[in-house]
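Visitor: Note that the numbering used here has the sequence shown beginning at 5, numbered continuously upward.
Ideal Cβ positions, reconstructed from N, Cα and C, are used throughout, including at glycine.
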Amino acid sequence: MPGLAYTTGMSFFVDSTPAVKPKTENVRTMSVALAAIFMIMAVAQLYSYEDFPATLAAMWLPGGESFAMVLAALLVIYEVFALPFLLGMRLSPAMRVISMVFGWLTVAWWLYITLWQNLSGHIIGNSGLLGATVPLPVGWWGVLFIVALGVLSAWASWGMWPISRTKK
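#1: Just to confirm, is the Cβ distance from P86 to F42 under 9 Å?
#2: Since A23 and M93 are thought to touch, with beta carbons under 8 Å apart, how far apart are those beta carbons, to the nearest angstrom?
#3: Looking only at its own chain, which residues have a Cβ that is under 7 Å from the Cβ of P139, when we skip the five neighbours before and after it?
#4: Near R32, which residues of its chain fall below 6 Å by C-beta distance, leaving aside the five closest residues on each side in sequence?
#5: Give me the residue from L134, S35, P166, E29 with the minimum Cα distance to I102.
#6: Would you mind giving the Cβ-Cβ distance between L79 and W108, rounded to the nearest angstrom? I have them listed as a contact below 8 Å.
#7: What is the DSSP secondary structure of L134, counted as helix, strand or coil?
#8: Helix or strand or just coil, what does DSSP make of T28?
#9: Determine the contact status of E83 and Q49, defining contact as a CB-CB distance below 9 Å.
#10: Buried or exposed: P66, going by 16 or more other Cβ atoms within 10 Å of its Cβ?
#11: Near M5, what residues of its chain come up, given a Cβ to Cβ distance below 8 Å and the 5 sequence neighbours on each side ignored?
#12: Return yes when the Cβ of G146 is within less than 9 Å of the Cβ of T59, no when it is not.
#13: Could you give the distance in angstroms between the alpha-carbon of Y53 and the alpha-carbon of V18?
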């Protein structure tokens, strides 16, 4: 039956499954903490979203204002879509992997931005981590903060790896 092959092969993309049980209780705590940080960042960025691209454009990032507008949208999308994996929501296996990767992309982009701020030599008044809502000063603390988020993201990914290694 041709329909049978379609439904069994597509289950990776559409079947909602419970999250993988965390390897340790600490993994669960750290993933929820990272989700809370991402949520605070996304809400603050969305609260004054009309000013967020200008905050990013003031950093003199390569690509200018048009890139800053795209980056502002991508950062918020990445932060929001990283939450389902971190919170252990019921998702399809494909969406769980995508959500995990969005967490990595969030950390990677913010690491790039904070390194750029500190190494470019431009005087910037706001690091942008909380958008234009709460202006945070630029400094190496931002790089260390993002590296800490990267450690939390790696820890959550290790502890709740979404792809099963055992064959059924």
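Guide: With the structure as the only source:
#1: Position 82 of the sequence shown, counted from the start, is the residue given in the question as residue 86. Position 38 of the sequence shown, counted from the start, is the residue given in the question as residue 42. In the sequence under discussion, the amino acid at residue 86 is Ala, which differs from the Pro named in the question. Taking 9 Å as the Cβ cut-off, A86 and F42 qualify as a contacting pair.
#2: By 1-based counting over the sequence shown, the position of residue 23 is 19. By 1-based counting over the sequence shown, the position of residue 93 is 89. That pair is a contact at about 7 Å.
#3: Taking the first residue of the sequence shown as 1, we reach residue 139 at position 135. Counting only Cβ-Cβ distances below 7 Å, and skipping sequence neighbours, we find G129, N130.
#4: In the sequence shown, residue 32 corresponds to position 28, counting from 1. Correct list, in chain order: P26.
#5: The residue labelled residue 102 in the question sits at position 98 within the sequence shown. Residue P166 is the option with its Cα nearest to I102.
#6: Locating residue 79 in the sequence shown gives position 75, counting from the first residue. Locating residue 108 in the sequence shown gives position 104, counting from the first residue. Not really, about 13 Å apart at Cβ, beyond 8 Å.
#7: Here residue 134 refers to the residue found at position 130 when the sequence shown is read from its first residue. Coil, per DSSP.
#8: Here residue 28 refers to the residue found at position 24 of the sequence shown. The answer is coil: DSSP assigns T28 none of H, G, I, E or B.
#9: The residue labelled residue 83 in the question sits at position 79 within the sequence shown. The residue labelled residue 49 in the question sits at position 45 within the sequence shown. For E83 and Q49, yes; Cβs fall inside 9 Å.
#10: On the sequence shown, residue 66 is found 62 positions in, with the first residue counted as 1. When all chains shown are included, P66 counts as exposed.
#11: Working through the sequence shown from its first residue, we reach residue 5 at position 1. Its pLDDT being 48, under 50, M5 is placed unreliably by the model, and the measurement read from it follows with that caveat. Cβ within range, chain order: n/a, list empty.
#12: What you label residue 59 is simply residue 55 of the sequence shown in a count that begins at 1. What you label residue 146 is simply residue 142 of the sequence shown in a count that begins at 1. In this structure, G146 does not lie closer than 9 Å to T59 by Cβ.
#13: The sequence position of residue 53 within the sequence shown is 49, counting from 1. The sequence position of residue 18 within the sequence shown is 14, counting from 1. Cα to Cα, Y53 sits roughly 32 Å from V18.
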